[in-house]
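S.K.: One structure coming up, written as structure tokens, with questions to follow.
Residue numbers (this note's numbering), protein chains in the order written: chain A, 1 to 289; chain B, 1001 to 1241; chain C, 2001 to 2282.
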């Protein structure tokens, strides 16, 4: 077998190949440019329109009624924090538990069922989640719009995200570690709690933060559950403000002043989520080993 | 088109090395066989030149013995042989030592020729050449038994050693008679006795080679003494694997 | 008079170190027609053997012969795999560990296991790795008791001198050979009477390998050790008895020959054993 035995393609074939390569390159570049362009456009708009609205009062004061100058989105910021936190407290343990169920207990068929269910819930339109919680808690159990209902709705959205990501992270834990722990005579639950989870804790933290970031930006579920509030509130059984809600109210209004405030609030929301994502990426490589 | 040919045998180099050991072993045995033949012939004819040749040729025997030993050691170090390969190599190491001793006995016979310093033999040799023939037969057969891993042959030859011993007893009594009748024959009778004794010792060495052949096959070290086997011993030998 | 002498009387180091078993109370491990499956694949067929206490027994054989599966049946680790199944009996001392009411977790606490690739817990320090066994079993110890136990087992594993200043460092920060000795120390920390080793040196360099082998020989004074290895020289260096397994035409791994190591390696009884150990297989 000699190297010279490979024939060189004809001139025509070579030219055809080059043209095809060039066309492909052009198309890909164009598509990427559009995608990045959109991102830059949105960011640009946010910054250009939102920055002017930002001042200290914007962060700390509550919204003023129409016609009155000033005011801010203070309650919405606090509300978002509270609702997200409560949603996290509900969703993160449940999501982790579901992931452990699927990877560690491995009931075979049941594991596949749970995973499928999580996929379905993750695929639900967030408004549908909102309607469900509205009907179940707002109209049913609690009888009123409330922060807790909003938290539950967000939790429903978060659980599949936490579960799926945690499951993937748990799978990355080498089976040899589980075997070593089992061979030492450890009962299964201790193997999970003392060996598997600690090894995966970085990834689990990532999963939790990702889910929180996603939930913090949801609007539709909160419309039907938390309702929104113009006042500072920490009462879980009362309606509560939230940034997405506030943005919607401002943006849907006919007033320019409020439109400006909507931009400002959007900028804050995007900035917070972006900050969290960047922080995650900065710490993740070190921490997910 | 590649020039590399694969035989598919996984221990080709070991197999080749062991085959070389076999060939060298046969060569050493044949050198020693010739030495027996020539040394006894030189004694029968009192041929001093032939005797000196036998003595000189022993150097080649020693050289080959050490070459085989070195090859065997090299094989052990580089190929880590175990089981039957190992047993064969260990047997070879023991057997080359025995063969070299047999060669030394031939040199001894050659030196006896030189001791005569031209004086005639005490009597024409009849039994000594017979012993030599038996010894040579036993040598060839024991090497065969070793190389073809024939345990039964090895045991059979071992039991033939008593024929050699019987001849030695005969020669001893005959020479004793000479010495008692005429004291001037004592020195020449003694020389012939030494020659016969050397041949008898060669027979013992051949028994040792047979022991090694049995070891190679079974992994057990057995001892063959020179006594004729009883039926009891035959039975034991036949069942003791 | 033809005599046959007994076997040569030179004793090999293995024979001196492990006088043929403390079979006083019976063998340390005994299997009775042990079979193992992975789902429908029959991996180990009808293995019956007795392993003497306070000695090293090696299990050798080509890949796929079922030797690792056999090992994992001895501490009920085989059943961890989904679809895995065992039939037959395994006696540790006088107790059948596969008897209906037996707790697998408790059995595993009595038998230590060391794996092919060193697997110290990466997010635990050297100290915590050794302490992991007792802690995972819920044993309560004072600080002083734990310190003493960690040091004692690191010494038993011939690792103390190398890590005594690094006890708080991560278990994964050691060299391969050290990691494996750490795993051995970890396995010893639950004071098992039996130690199972699945090709413990195959991922290590030659010097580290020799250290592990030395360690195994020393540990055999106190423990019963069963070591699976694909390295025959290792089996012959380290063990007093060797078992040879082979997968038949039906793919089922069976015991072909089992005996004293020096006999098996100089005069194997079965021609398949001879073919395998001299490397003339297949």
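Quick reminder that beta carbons are idealized off the backbone N, C-alpha and C, glycines included.
Treat the numbers as computed from the prediction; the structure is a model and nothing was measured.
1. If contact means a Cβ-Cβ distance below 7 Å, which residues of the segment 182-202 of chain A contact chain C?
2. Who are the neighbours of residue 179 of chain A on chain C, taking C-beta pairs under 9 Å?
3. Closer than 8 Å by C-beta to residue 2023 of chain C: which residues in its own chain qualify, once you throw out the five before and the five after it? Chain order, please.
4. Taking just the CA atoms, how far does residue 2179 of chain C sit from residue 180 of chain A?
5. For residue 2137 of chain C, decide whether its Cβ has a neighbour in chain A, counting only Cβ atoms nearer than 8 Å.
6. Please decide whether residue 2206 of chain C counts as near chain B, where near means a Cβ-Cβ distance under 8 Å.
7. Answer with yes or no whether the minimum CB distance from residue 2106 of chain C to chain B is below 8 Å.
8. Can you check whether the CB of residue 151 of chain A is closer than 8 Å to the CB of residue 86 of chain A?
9. How would you list, in chain order, the residues of chain B whose beta-carbon sits under 9 Å from the beta-carbon of residue 2233 of chain C?
10. For residue 2262 of chain C, is the classification buried or exposed, using 16 other Cβ atoms within 10 angstroms of its Cβ as the cut-off for buried?
11. To which residues does DSSP link residue 2170 of chain C through a beta bridge?
12. Does any CB atom of chain C fall closer than 8 Å to the CB of residue 111 of chain A?
13. According to DSSP, simplified to helix, strand and coil, what is residue 275 of chain A?
14. Can you list the residues of chain C that residue 1011 of chain B reaches, using a CB-CB cut of under 7 Å?
15. Going by Cα to Cα distance, which pick from C/2057, C/2104, C/2168, C/2148 is closest to residue 2123 of chain C?
16. Which residues does DSSP list as the beta-bridge partners of residue 2038 of chain C?
17. Using a Cβ-Cβ distance cut-off of 8 Å, determine whether residue 2274 of chain C contacts chain B.
18. Residue 281 of chain A by DSSP, collapsed to three states: which one?
19. Quick one, which residues of the segment 2259-2271 of chain C are near chain B if we go by CB-CB under 9 Å, in chain order?
20. Taking the Cβ atom as the reference point for each residue, do residue 2108 of chain C and residue 183 of chain A lie within a distance shorter than 8 Å?
21. Tell me which residues of the segment 1115-1131 of chain B have at least one Cβ-Cβ distance to chain C shorter than 9 Å, keeping chain order.
22. Tell me whether residue 2069 of chain C is buried or exposed, calling it buried when 16 or more other Cβ atoms sit within 10 Å of its Cβ.
23. Quick one: which residues of the segment 1178-1204 of chain B get their C-beta closer than 7 Å to a C-beta of chain C? List them in chain order.
24. If we cut at 8 Å on Cβ distances, does residue 1260 of chain B have a partner in chain C?
25. Could you check where the beta strand (DSSP E) with residue 2241 of chain C kicks off and where it finishes?
26. Leaving out the 5 sequence neighbours to the left and right, which residues in its chain are closer than 8 Å to residue 2081 of chain C when beta-carbon positions are compared?
27. Rounded to the nearest angstrom, what separates residue 1086 of chain B and residue 1010 of chain B at their Cα positions?
28. Should the segment 1143-1162 of chain B be regarded as contacting the segment 1200-1212 of chain B, the criterion being three or more beta carbon pairs within less than 8 Å?
29. For residue 1131 of chain B, which option in B/1083, B/1172, B/1081 has the closest C-alpha, if you only look at C-alpha atoms?
30. Could you tell me the boundaries of the alpha helix (DSSP H) in which residue 2262 of chain C lies?
31. Which of the three DSSP states, helix, strand or coil, is assigned to residue 109 of chain A?
32. If the criterion is Cβ atoms closer than 8 Å, does the pair residue 2087 of chain C and residue 2242 of chain C meet it?
33. Using a Cβ-Cβ cutoff of less than 6 Å, which residues in the same chain neighbour residue 2157 of chain C once the five nearest sequence positions on both sides are dropped?
34. Quick one: Cα of residue 1185 of chain B to Cα of residue 1083 of chain B, how far?
35. Is residue 2003 of chain C close to chain A? Criterion is C-beta to C-beta, closer than 8 Å.
36. Could you check where the beta strand (DSSP E) with residue 2197 of chain C kicks off and where it finishes?
M.R.: Taking the coordinates as given:
1. Taken in chain order, the members of the segment 182-202 of chain A whose beta-carbon sits within less than 7 Å of a beta-carbon on chain C are 182, 183, 184, 185, 186, 187, 190, 194, 195, 198, 199.
2. Here residue 179 of chain A refers to the residue found at position 179 when the first chain is read from its first residue. For residue 179 of chain A, the chain C residues whose C-beta falls within less than 9 Å of its own C-beta are 2077, 2080, 2113, 2115, 2119, listed in chain order.
3. Working through the third chain from its first residue, we reach residue 2023 of chain C at position 23. Only weak support is given to the placement of residue 2023 of chain C: the predicted model assigns it a pLDDT of 47, under 50, and the value that follows is read from those uncertain coordinates. The beta carbon of residue 2023 of chain C sits closer than 8 Å to the beta carbons of 2052, 2053 from its chain, once the five residues preceding and following it are set aside; these are given in chain order.
4. Working through the first chain from its first residue, we reach residue 180 of chain A at position 180. Working through the third chain from its first residue, we reach residue 2179 of chain C at position 179. One C-alpha to the other measures close to 13 Å.
5. As a first step, residue 2137 of chain C is located in the third chain; it is residue number 137 there, counting from the start. Yes - at least one Cβ of chain A is within 8 Å of the one on residue 2137 of chain C.
6. Position 206 of the third chain, counted from the first residue, corresponds to residue 2206 of chain C. For residue 2206 of chain C, not one C-beta of chain B is nearer than 8 Å to its own C-beta.
7. Residue 2106 of chain C sits at position 106 when you count from the first residue of the third chain. Chain B, which has no Cβ nearer than 8 Å to the Cβ of residue 2106 of chain C, makes this no.
8. In the first chain, residue 86 of chain A corresponds to position 86, counting from 1. In the first chain, residue 151 of chain A corresponds to position 151, counting from 1. Their beta carbons are under 8 Å apart, which means residue 86 of chain A touches residue 151 of chain A by this criterion.
9. In the third chain, the residue the question calls residue 2233 of chain C occupies position 233. Within chain B, the residues near residue 2233 of chain C are 1080, 1082.
10. Position 262 of the third chain holds residue 2262 of chain C. By the 10 Å Cβ count, residue 2262 of chain C comes out buried.
11. On the third chain, residue 2170 of chain C is found 170 positions in, with the first residue counted as 1. C/2125.
12. For this step, residue 111 of chain A is matched to residue 111 along the first chain. Residue 111 of chain A does not count as touching chain C.
13. As a first step, residue 275 of chain A must be located in the first chain, where it is residue number 275. In the structure shown, residue 275 of chain A falls within a helical segment according to DSSP collapsed to helix, strand and coil.
14. Stepping through the second chain from its first residue, residue 1011 of chain B is reached at position 11. Correct list: 2278, 2279, 2280.
15. As a first step, residue 2123 of chain C is located in the third chain; it is residue number 123 there, counting from the start. Closest option to residue 2123 of chain C, Cα to Cα, is C/2168.
16. As a first step, residue 2038 of chain C is located in the third chain; it is residue number 38 there, counting from the start. In the DSSP output, where bridge partners are listed per residue, residue 2038 of chain C has C/2041, C/2084.
17. Taking the third chain and counting its residues from 1, one reaches residue 2274 of chain C at position 274. So, interface residue.
18. The count along the first chain starts at 1 and reaches residue 281 of chain A at position 281. Three-state result, residue 281 of chain A: helix.
19. Identification of residues in the segment 2259-2271 of chain C having a C-beta nearer than 9 Å to some C-beta of chain B yields 2263, 2264, 2265, 2266, 2267, 2268, given in sequence order.
20. Position 108 of the third chain, counting from 1, holds the residue named residue 2108 of chain C. Position 183 of the first chain, counting from 1, holds the residue named residue 183 of chain A. Yes, Cβ-Cβ distance for residue 2108 of chain C and residue 183 of chain A is below 8 Å.
21. Correct list: empty, as no residue qualifies.
22. Here residue 2069 of chain C refers to the residue found at position 69 when the third chain is read from its first residue. Residue 2069 of chain C counts as buried, since no fewer than 16 other beta carbons sit within 10 angstroms of its beta carbon.
23. For the segment 1178-1204 of chain B, the set of positions with a beta-carbon nearer than 7 Å to some beta-carbon of chain C is empty.
24. Shown here, chain B extends from 1001 to 1241; a query on residue 1260 of chain B therefore has no answer.
25. Reading the third chain from its first residue, position 241 is the one you call residue 2241 of chain C. Its beta strand (DSSP E) spans residues 2241-2247.
26. For the purposes of this step, residue 2081 of chain C is taken as residue 81 along the third chain, with counting starting at 1. Answer for residue 2081 of chain C: 2038, listed in chain order.
27. Mapped onto the second chain, residue 1086 of chain B falls at position 86. Mapped onto the second chain, residue 1010 of chain B falls at position 10. Straight-line measurement puts the Cα of residue 1010 of chain B at about 17 Å from the Cα of residue 1086 of chain B.
28. Between the segment 1143-1162 of chain B and the segment 1200-1212 of chain B, the count of Cβ pairs shorter than 8 Å is three or higher; the stretches touch.
29. Locating residue 1131 of chain B in the second chain gives position 131, where the first residue counts as 1. For residue 1131 of chain B, the nearest C-alpha among the options comes from B/1172.
30. By 1-based counting over the third chain, the position of residue 2262 of chain C is 262. Bounds of the alpha helix (DSSP H) holding residue 2262 of chain C are 2261-2266.
31. If you number the first chain from 1, residue 109 of chain A lands on position 109. Taken through DSSP and simplified to helix, strand or coil, residue 109 of chain A comes out as helix.
32. For the purposes of this step, residue 2087 of chain C is taken as the residue at position 87 of the third chain. For the purposes of this step, residue 2242 of chain C is taken as the residue at position 242 of the third chain. Taking a C-beta distance under 8 Å as the contact criterion, residue 2087 of chain C and residue 2242 of chain C do not qualify as a contact pair.
33. Along the third chain, read from residue 1 onward, the residue named residue 2157 of chain C stands at position 157. Once the five neighbours on either side are set aside, the close Cβ partners of residue 2157 of chain C are 2181, 2184, 2185.
34. Here residue 1185 of chain B refers to the residue found at position 185 when the second chain is read from its first residue. Here residue 1083 of chain B refers to the residue found at position 83 when the second chain is read from its first residue. Roughly 55 Å between the two C-alpha positions.
35. Locating residue 2003 of chain C in the third chain gives position 3, where the first residue counts as 1. Any reading at residue 2003 of chain C must be qualified, since the residue scores a pLDDT of 44, below 50, and its modelled position is unreliable; the value itself is stated next. No, because no Cβ of chain A sits closer than 8 Å to the Cβ of residue 2003 of chain C.
36. The residue you call residue 2197 of chain C lines up with position 197 of the third chain. First-last of the beta strand (DSSP E) with residue 2197 of chain C: 2194-2198.
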